[in-house]
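Participant: Got a structure for you, questions after.
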Amino acid sequence: MTEEPIVRVRDLVKTYKTGFMALNGVSLDIRKGEIIALLGPNGAGKTTLISTICGIAVQTSGSVTVGGHDTRQDYRAARSLIGLVPQEISLEPFEKVVNTVRFSRGLFGLPPDDAYLDDLLRQLSLHDKRDQKVVTLSGGMKRRVLIAKALSHEPQVLFLDEPTAGVDVELRKDMWEIVARLRAAGTTIILTTHYIEEAEAIADRIAVINKGEILLVEDKTALMTRMGQKELRIELAEPVDAIPESLAPYGLDRAPDGRALLYRYESTGERTGITRLLNDIQAAGLHMSDLQTRQSSLEEIFVGLVTPGASGKAAE
Ligand SMILES: Nc1ncnc2c1ncn2[C@@H]1O[C@H](COP(=O)(O)OP(=O)(O)OP(=O)(O)O)[C@@H](O)[C@H]1O
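Here the numbering used here is used: the sequence shown runs in plain steps of one and ends on residue 343.
And the structure:
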């Protein structure tokens with residue numbers, strides 16, 4: 028039996044006052060306990076989608092339920108299950124870390140629970156900073172405080188809008204570890220990101236959104252296998268000026284220096300044609316010095332999906 032999704036989005040349309048339709052019929056189920064990454068170019072509608080699910084923006088039509096509660100009819104119950112880490116850092120600079128987190132919890136009408144908050148701060152490696160003023164923290168620590176605030180009322184679902192925008196690589200990896208730990212503790216996580224390697228590193232599922240529409244939602248590994256291509260790089264002992272006519276059917280590319288031939292094939296295909304190609308290369312009188320294969324990255328798949336006219340295959 029499949030479990031009810033923790034977040035259920037149905038036919039969501041959001042038209043702003045300007046008349047701009049930022050969401051055009053989005054439907055999406057988010058499973059309990061997963062990490063789902065929303066990928067999309069600038070202006071695709073990611074923040075609008077998150078804001079609408081969290082009840083910050085009101086949809087024009089369609090519905091959202093969180094834990095079975097409709098976000099319009101039963102806003103408080105739905106919102107109490109959600110933690111939101113916004114894109115912008117918005118913190119009281121002169122407040123102590125622990126107070127700002129306590130305050131967030133209070134906003135949800137929950138009784139104080141310092142044991143929970145201490146535990147949370149520990150989980151986010153913020154415990155030794157609990158009595159420091161926010162203004163004295165580094166940018167990375169401030170982001171952790173935002174996460175602590177978002178989790179202060181013990182929500183089941185955490186939305187992270189661009190959690191690592193503009194942070195350095197080391198901090199980004201720290202953030203990935205935090206996300207992995209939260210997931211292990213049972214939190215469902217929805218994140219938007221511009222960094223495709225971020226989605227590749229931490230998400231279980233990928234949703235690609237473009238121009239207010241969801242283009243696909245798929246298991247990350249399955250997506251990479253289904254849409255990924257492999258490239259075989261055949262290094263040649265002697266450079267060639269042109270690809271021999273007999274090899275034309277393989278659609279090979281020649282490396283700019285003529286020292287390698289590139290062959291692309293479906294990674295899922297049973298017949299890759301490689302054995303025949305290698306025989307034909309030898310028959311054409313070329314000598315190979317090395318072979319390397321490379322799997323296309325999520326980034327290449329993504330660009331193929333959202334760029335008009337790019338890789339016809341991915342746009343199918
Ligand atoms: N309050 C608003 N009024 C009018 N248009 C808006 C409003 N907020 C967003 N938009 C427009 O809606 C579209 C989607 O914006 P949104 O912020 O959801 O995209 P996004 O995918 O989060 O983009 P980014 O990656 O740049 O953050 C954009 O074209 C944006 O200009």
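For each residue, glycine too, the CB sits at the ideal point set by N, CA and C.
Note down, in chain order, each residue of its chain lying with its Cβ closer than 7 Å to the Cβ of residue 129, except the 5 sequence neighbours on either side.
Facilitator: One-based indexing of the sequence shown puts residue 129 at position 102. Within the same chain, residue 129 has close Cβ partners 139 and 144.
Participant: Is DSSP giving residue 120 helix, strand or coil here?
Facilitator: Mapped onto the sequence shown, residue 120 falls at position 93. Three-state DSSP puts residue 120 in coil, outside helix and strand.
Participant: Where does residue 96 fall in DSSP's three states?
Facilitator: What you label residue 96 is simply residue 69 of the sequence shown in a count that begins at 1. Strand.
Participant: Exposed or buried, which one is residue 110 when buried takes at least 16 other CB atoms within 10 Å?
Facilitator: If you number the sequence shown from 1, residue 110 lands on position 83. Looking at its Cβ environment, which holds 16 or more other Cβ atoms inside 10 Å, residue 110 is buried.
Participant: Out of 88, 89 and 105, state which residue places its alpha-carbon closest to the alpha-carbon of residue 96.
Facilitator: In the sequence shown, residue 96 corresponds to position 69, counting from 1. It is 105.
Participant: Which runs of the alpha helix (DSSP H) fall wholly inside the segment 164-222 and span at least 4 residues, in chain order?
Facilitator: Segments of the alpha helix (DSSP H) lying fully in the segment 164-222: 166-178 and 196-211.
Participant: Is the beta carbon of residue 221 within less than 7 Å of some heavy atom of ligand 1?
Facilitator: Position 194 of the sequence shown, counting from 1, holds the residue named residue 221. Result yes, Cβ under 7 Å from ligand 1.
Participant: Identify, in the order they occur along the chain, each residue of the same chain with its Cβ nearer than 6 Å to the Cβ of residue 179, setting aside the five sequence neighbours on each side.
Facilitator: Counting from 1 along the sequence shown, the entry for residue 179 is found at position 152. Cβ neighbours of residue 179 beyond the five flanking positions: 128, 131 and 132.
Participant: Can you tell me whether residue 134 is buried or exposed? The criterion is at least 16 other CB atoms within 10 Å of its CB, across all chains shown.
Facilitator: The residue you call residue 134 lines up with position 107 of the sequence shown. Looking at its Cβ environment, which holds fewer than 16 other Cβ atoms inside 10 Å, residue 134 is exposed.
Participant: Assuming residue 64 and residue 226 form a contact by the criterion Cβ under 8 Å, report the distance between their Cβ atoms to the nearest whole angstrom.
Facilitator: Residue mapping note: residue 64 aligns to position 37 of the sequence shown, counting from 1. Residue mapping note: residue 226 aligns to position 199 of the sequence shown, counting from 1. Rounded, the Cβ-Cβ distance is 4 Å, consistent with contact.
Participant: Can you tell me which residues fall inside 6 Å of ligand 1, judged by beta-carbon distance to its nearest heavy atom, and keep chain order?
Facilitator: That query returns the following residues: 43, 45, 47, 49, 67, 69, 70, 71, 72, 73, 74 and 75.
Participant: Got a sec, what are the start and stop residues for the alpha helix (DSSP H) residue 320 sits in?
Facilitator: Reading the sequence shown from its first residue, position 293 is the one you call residue 320. Premise fails: residue 320 lies in the beta strand (DSSP E), 315-322, not in any alpha helix (DSSP H).
Participant: Check each candidate in 264, 300 and 53 and name the one with the smallest Cα separation from residue 276.
Facilitator: Indexing the sequence shown from 1 puts residue 276 at position 249. Out of 264, 300 and 53, 300 has the C-alpha closest to the C-alpha of residue 276.
Participant: Report the residue from 311, 224, 86 and 163 whose alpha carbon sits nearest the alpha carbon of residue 265.
Facilitator: Your numbering for residue 265 matches position 238 in the sequence shown. Minimum Cα distance to residue 265 is reached at 311.
Participant: Applying the 10 Å Cβ sphere with the 16-neighbour rule, what's the burial state of residue 149?
Facilitator: The sequence position of residue 149 within the sequence shown is 122, counting from 1. Burial call: exposed.
Participant: Take residue 258 as the anchor and find which of 292, 200 and 333 has the nearest alpha-carbon.
Facilitator: The residue labelled residue 258 in the question sits at position 231 within the sequence shown. With distances taken between Cα atoms, residue 258 lies closest to 292.
Participant: I need the boundaries of the alpha helix (DSSP H) containing residue 102, first residue and last residue.
Facilitator: What you label residue 102 is simply residue 75 of the sequence shown in a count that begins at 1. It spans 102-107 - the alpha helix (DSSP H) in which residue 102 sits, taken as one unbroken run.
Participant: Within a Cβ cutoff of 7 Å, which residues of the same chain sit near residue 338, ignoring the five residues on either side of it in sequence?
Facilitator: Position 311 of the sequence shown, counting from 1, holds the residue named residue 338. Caution applies to residue 338, whose pLDDT of 45 falls short of 50 and renders its modelled position unreliable; the model cannot decide the point.
Participant: Quick one: what's got a C-beta closer than 6 Å to residue 342's C-beta in the same chain, skipping five residues either side?
Facilitator: Translated into positions along the sequence shown, residue 342 becomes position 315. Low confidence applies to residue 342: its pLDDT is 34, below 50, so where it sits in the model is not reliable, and the reading given next is rough at best. Excluding sequence neighbours, residue 342 sits near nothing in its chain.
Participant: In three-state terms, what does DSSP make of residue 265?
Facilitator: Locating residue 265 in the sequence shown gives position 238, where the first residue counts as 1. Coil at residue 265, not helix or strand.
Participant: My guess is that residue 288 and residue 325 are in contact by the Cβ rule of under 8 Å, so how many angstroms apart are they, rounded?
Facilitator: Counted from its first residue, the sequence shown places residue 288 at position 261. Counted from its first residue, the sequence shown places residue 325 at position 298. The pair is not a contact, with the Cβ atoms about 26 Å apart (cut-off 8 Å).
Participant: Could you check how far apart the C-beta atoms of residue 175 and residue 151 are, in whole angstroms? I think they sit under 8 Å.
Facilitator: Sequence index remark: in the sequence shown, residue 175 carries index 148 (1-based). Sequence index remark: in the sequence shown, residue 151 carries index 124 (1-based). At roughly 5 Å, the Cβ-Cβ gap stays under 8 Å, so residue 175 and residue 151 are in contact.
Participant: Near residue 181, which residues of its chain fall below 8 Å by C-beta distance, leaving aside the five closest residues on each side in sequence?
Facilitator: Numbered from its first residue, the sequence shown carries residue 181 at position 154. Within the same chain, residue 181 has close Cβ partners 137 and 143.
Participant: Looking only at its chain, what residues have a beta carbon closer than 6 Å to the beta carbon of residue 244, apart from the 5 residues adjacent to it on each side?
Facilitator: For the purposes of this step, residue 244 is identified with residue 217 of the sequence shown, where counting begins at 1. 234.
Participant: Which word fits residue 302, buried or exposed, when buried means at least 16 other C-beta atoms lie within 10 angstroms of its C-beta?
Facilitator: Reading the sequence shown from its first residue, position 275 is the one you call residue 302. So residue 302 ends up on the exposed side.
Participant: Can you tell me where the alpha helix (DSSP H) with residue 37 in it begins and where it stops?
Facilitator: Locating residue 37 in the sequence shown gives position 10, counting from the first residue. From DSSP, residue 37 is part of no alpha helix (DSSP H) but of the beta strand (DSSP E) over 34-42.
Participant: Please tell me whether, using a cut-off of 7 Å, the distance from the CB of residue 300 to the nearest non-hydrogen atom of ligand 2 is below it.
Facilitator: With respect to ligand 2, the structure offers nothing, as its ligand set consists of ligand 1.
Participant: My guess is that residue 219 and residue 74 are in contact by the Cβ rule of under 8 Å, so how many angstroms apart are they, rounded?
Facilitator: Taking the first residue of the sequence shown as position 1, residue 219 is located at position 192. Taking the first residue of the sequence shown as position 1, residue 74 is located at position 47. Yes, they are in contact, since the Cβ atoms of residue 219 and residue 74 sit about 7 Å apart, within 8 Å.
Participant: Consult DSSP for residue 85 and reduce its assignment to one of helix, strand or coil.
Facilitator: On the sequence shown, residue 85 is found 58 positions in, with the first residue counted as 1. Of the three classes helix, strand and coil, the one that applies to residue 85 here is coil, per DSSP.
Participant: Which whole-angstrom value is the C-beta distance of residue 236 and residue 76, which I expect to be below 8 Å?
Facilitator: Here residue 236 refers to the residue found at position 209 when the sequence shown is read from its first residue. Here residue 76 refers to the residue found at position 49 when the sequence shown is read from its first residue. At roughly 7 Å, the Cβ-Cβ gap stays under 8 Å, so residue 236 and residue 76 are in contact.
Participant: Provide the residue span of the beta strand (DSSP E) that contains residue 273, from first to last.
Facilitator: Walking along the sequence shown from the start, residue 273 turns up at place 246. No beta strand (DSSP E) contains residue 273, which DSSP labels as neither H nor E.
Participant: Counting only the same chain and skipping the five closest in sequence on each side, list residues whose C-beta sits under 7 Å from that of residue 32.
Facilitator: Along the sequence shown, one-based indexing puts residue 32 at 5. Answer for residue 32: 56, 57 and 58, listed in chain order.
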